[in-house]
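Those protein sequence lines, which keep their order, are chains S and R.
For the first sequence, position 284 matches number 1346 in the working numbering, and the numbering has no gaps at all.
For the second sequence, position 8 matches number 1070 in the working numbering, and the numbering has no gaps at all.
Every residue gets a Cβ at the ideal spot worked out from N, C-alpha and C, and that includes glycine.
There are 2 protein chains.
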Amino acid sequence: MRIFERLDELYAIGGGQGANRRSGSAGEQRAHDLVSGWLEEAGFEVERDSAANLIGRLRGTRPDLPELWAGSHLDSVPEGGRLDGPLGVLGGLEAVERIGPGERTLAVVAFRGEEVGCIGSRARVAEIGELPGAFVELHIEQGPRLEHAGVPLGVVTAIVGYSRQTVTITGRVGHAGTTPMDNRDDALCEAAERVLAIRNAARAIPEAVATVGVLTVAPGGVNVIPGSVSFTVDVRAPDRGRLDRLLAAIGLETGVGVEPTVMDATVVDAVKAAIASLDVTPLELPSGAGHDAGILAAAGVPSAMLFVRSLNGGVSHSPAEHSSDEDILLAVDALERTLRDLGSV
Amino acid sequence: MRIFERLDELYAIGGGQGANRRSGSAGEQRAHDLVSGWLEEAGFEVERDSAANLIGRLRGTRPDLPELWAGSHLDSVPEGGRLDGPLGVLGGLEAVERIGPGERTLAVVAFRGEEVGCIGSRARVAEIGELPGAFVELHIEQGPRLEHAGVPLGVVTAIVGYSRQTVTITGRVGHAGTTPMDNRDDALCEAAERVLAIRNAARAIPEAVATVGVLTVAPGGVNVIPGSVSFTVDVRAPDRGRLDRLLAAIGLETGVGVEPTVMDATVVDAVKAAIASLDVTPLELPSGAGHDAGILAAAGVPSAMLFVRSLNGGVSHSPAEHSSDEDILLAVDALERTLRDLGSV
Chain S
1063 MRIFERLDEL YAIGGGQGAN RRSGSAGEQR AHDLVSGWLE EAGFEVERDS AANLIGRLRG
1123 TRPDLPELWA GSHLDSVPEG GRLDGPLGVL GGLEAVERIG PGERTLAVVA FRGEEVGCIG
1183 SRARVAEIGE LPGAFVELHI EQGPRLEHAG VPLGVVTAIV GYSRQTVTIT GRVGHAGTTP
1243 MDNRDDALCE AAERVLAIRN AARAIPEAVA TVGVLTVAPG GVNVIPGSVS FTVDVRAPDR
1303 GRLDRLLAAI GLETGVGVEP TVMDATVVDA VKAAIASLDV TPLELPSGAG HDAGILAAAG
1363 VPSAMLFVRS LNGGVSHSPA EHSSDEDILL AVDALERTLR DLGSV
Chain R
1063 MRIFERLDEL YAIGGGQGAN RRSGSAGEQR AHDLVSGWLE EAGFEVERDS AANLIGRLRG
1123 TRPDLPELWA GSHLDSVPEG GRLDGPLGVL GGLEAVERIG PGERTLAVVA FRGEEVGCIG
1183 SRARVAEIGE LPGAFVELHI EQGPRLEHAG VPLGVVTAIV GYSRQTVTIT GRVGHAGTTP
1243 MDNRDDALCE AAERVLAIRN AARAIPEAVA TVGVLTVAPG GVNVIPGSVS FTVDVRAPDR
1303 GRLDRLLAAI GLETGVGVEP TVMDATVVDA VKAAIASLDV TPLELPSGAG HDAGILAAAG
1363 VPSAMLFVRS LNGGVSHSPA EHSSDEDILL AVDALERTLR DLGSV
């Protein structure tokens, strides 16, 4: 099938292990050139905006109607997965080609630099403008929820907001041999209690997560009781209420960080209806990672995301990232139906 | 007082912050040269053995009697304390000078490189030989127990044995945003539970301690669930039974590490009697750190240690290490009485 051949062709760029198309690299440019060629072959009108985003339009007969976009990004993390980004672009191309020219202009978009803070979609909504009437992004889930639910497709209801903060705990350095257990102020023991309290607080709030990913111990001697420990906390939740509730529960500053973004009800409903029409029960879930759809939604473009089931426990940003061919084809069908629904005049 | 002037003179070597007489450095050599001069001034016969240990003898009239040694070391950790080592050497010199020549040969010894694994005393007991009939080491406690008990002097009953082991915990790397809390195998959370379990196990065994001083998290990304954590555990106890009990309780290998060394009952009793004669109730305690007295004891030399109270919570290996002048003078008195008792024919 053409979509799989093309996914493989993008995945092979740069050689080596996994996807290697870092933002701004020759690999990302090569991917844009390939997709641009495929868009032109299929009769799309190709625009490269001033942020080097790629927009391929299938012009409609009624330029008065707002455009409808589908897409994602083509850059990757180093040694990334095969589907993260390209699936949304190539799935959009398949779906729009199947629909063919009509009254409304349909477009397939590939944003730049999603993995480095969505720089392409941010530039588009900020300086460039000319935004569509709606945007749908097909993406691999990058998590285990669809796999656990036994469901191939899901619809994203919100992009979680997050706050990243650093905690420093101060104890008292001491000699590991000469300081009795009842006379210690061990910063690592206190940090261990905090790490577990953070986990427990996050477990108590639905759809919220908190992660301690970096932790450093000072002075860091085998025979020295730790005098201070610093660690990072990454806290996420689908709305500000839950985000602040979790931040407060673990003693962090509230009201800060990146705001959660709720997806547009009309576009979400269109995705749900499309999934249901394929005899799949659509699972609603928040996206724990940021996406270009979140940037467009925050800028007022009615947006939603269609998630396809990750296998291998949801591993992502890794060559082990995987979805089945069957699920991918089902996702393209759902995307096609979503665009037909939203694009109907 | 002369002992304080001399402590200050040794402390000033190398300039800068704290004591700076690392093993093998010009600072350690300078300290040996100074003490050698003071020994000669006082009429001691000075030996430098093949490991560069310094032994100053006040010859007795009966060379058939085993020698009696007092002493410690002159090297320091970088930016160390004023008393750790020199107190035992200079205290020994004061005490032996006061006793003066008699039937038994008394000696003051300064071992090399105590802070780097007791290399001087190890060389003496291993290759060099010519060991005394008994050895008494006066040393600052380097811990808070005498301070907490409100007692200026203590006698060491054992040098704790210890085992240092490394634990590696393997979890599963995951995306901090997309992996729900109930689907994580977070190596840091498991490590935090282990750190607290280690603390609790050590608390349950009298005189035992366990310390996690080094802990590293991989891959160590703010937004990445830790996939593995390695940490060190330093476990100590005054006898093999308690050491193995604690090692087993925290899931570590038993029967390994450095054996505890029990001090000689006769020498311990002499120290206790000397302390008691000064109207101080002698506190018996294990030493959580290694000392030259432990090396001599393990080699069969009847040995014990006299501890003087640390102030400032027992801080050591730091310029904040401190004992009061009053306690130091009391300790020299106790050492003198101990040597008189042990040296009496």
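Hey, does residue i have any beta-carbon neighbour from chain R nearer than 8 Å?
i	result
S/S1378	yes
S/V1407	no
S/V1257	yes
S/P1381	no
S/E1192	no
S/H1237	yes
S/A1310	no
S/M1243	yes
For residue i and residue j, what's the separation of their Cα atoms in angstroms?
i	j	result
S/H1353	R/S1225	50 Å
R/R1144	R/R1265	31 Å
R/V1072	S/L1258	Sequence check: residue 1072 of chain R is Leu here, not Val. One C-alpha to the other measures close to 48 Å.
S/S1378	S/R1371	12 Å
S/P1125	R/D1247	52 Å
S/R1368	S/A1396	It is worth fixing the name first, because residue 1368 of chain S is Leu in this sequence and not Arg. Cα to Cα, the separation comes out at about 8 Å.
S/R1256	R/A1382	30 Å
R/A1270	R/I1312	13 Å
S/E1192	S/T1123	18 Å
R/A1211	S/V1222	55 Å
S/D1111	S/I1117	8 Å
S/R1092	S/S1138	12 Å
S/Q1079	S/L1149	19 Å
R/S1290	R/A1238	15 Å
R/T1232	R/M1063	59 Å
S/E1346	S/G1099	35 Å
R/H1201	R/S1385	11 Å
S/D1331	S/G1205	22 Å
S/V1318	S/L1305	9 Å
R/P1322	R/C1180	15 Å
Quick check on residue i - is its C-beta less than 8 Å from some C-beta in chain S?
i	result
R/V1318	no
R/P1322	no
R/R1048	This structure cannot settle anything about residue 1048 of chain R, because the visible part of chain R is limited to 1063 through 1407.
R/P1288	yes
R/M1325	no
R/G1062	There is simply no residue 1062 of chain R to check, as chain R begins at 1063 and stops at 1407 in what is shown.
R/V1097	no
R/C1251	yes
For residue i versus residue j, is the C-beta spacing smaller than 8 Å?
i	j	result
R/S1087	R/V1178	no
R/V1235	S/V1279	no
R/K1334	R/P1348	no
R/A1113	R/V1363	no
R/R1298	R/G1350	yes
R/L1373	R/S1365	no
S/G1147	S/L1136	yes
R/R1083	R/G1076	yes
S/V1158	S/L1401	yes
R/I1287	S/T1273	yes
R/A1355	R/E1199	yes
R/L1215	R/I1065	no
S/V1284	R/T1240	no
R/F1173	R/G1133	yes
S/I1267	S/R1307	yes
S/G1164	S/G1405	yes
R/A1361	R/V1171	no
S/R1207	R/P1281	no
S/G1153	S/V1329	no
R/L1096	R/T1167	no
R/P1300	R/A1220	yes
S/N1115	S/G1182	yes
With which residues is residue i paired in a DSSP beta bridge?
i	result
R/S1290	R/T1232 and R/A1280
S/G1142	S/A1081
S/G1319	Per DSSP, none; premise fails for S/G1319.
R/R1124	BP columns for R/R1124 are empty, so no partner.
S/F1106	S/F1106 is not bridged to any residue.
Taking 8 Å as the CB-CB cut-off, is residue i touching chain A?
i	result
S/G1313	This model lacks chain A altogether, as its protein chains are S and R.
Would you mind listing the beta strand (DSSP E) stretches within the stretch 1221 to 1255 of chain R that are 3+ residues and don't spill past its ends, in chain order? 1223 to 1232
To test your reading of the DSSP string, which unbroken beta strand (DSSP E) runs of 3 or more residues are found completely within the stretch 1144 to 1222 of chain S? List check, beta strand (DSSP E) in window: 1168 to 1173, 1196 to 1202 and 1215 to 1221.
For the stretch 1303 to 1390 of chain R, list the beta strand (DSSP E) runs that are entirely contained and at least 3 residues long, ordered along the chain. The qualifying runs are 1345 to 1349 and 1365 to 1370.
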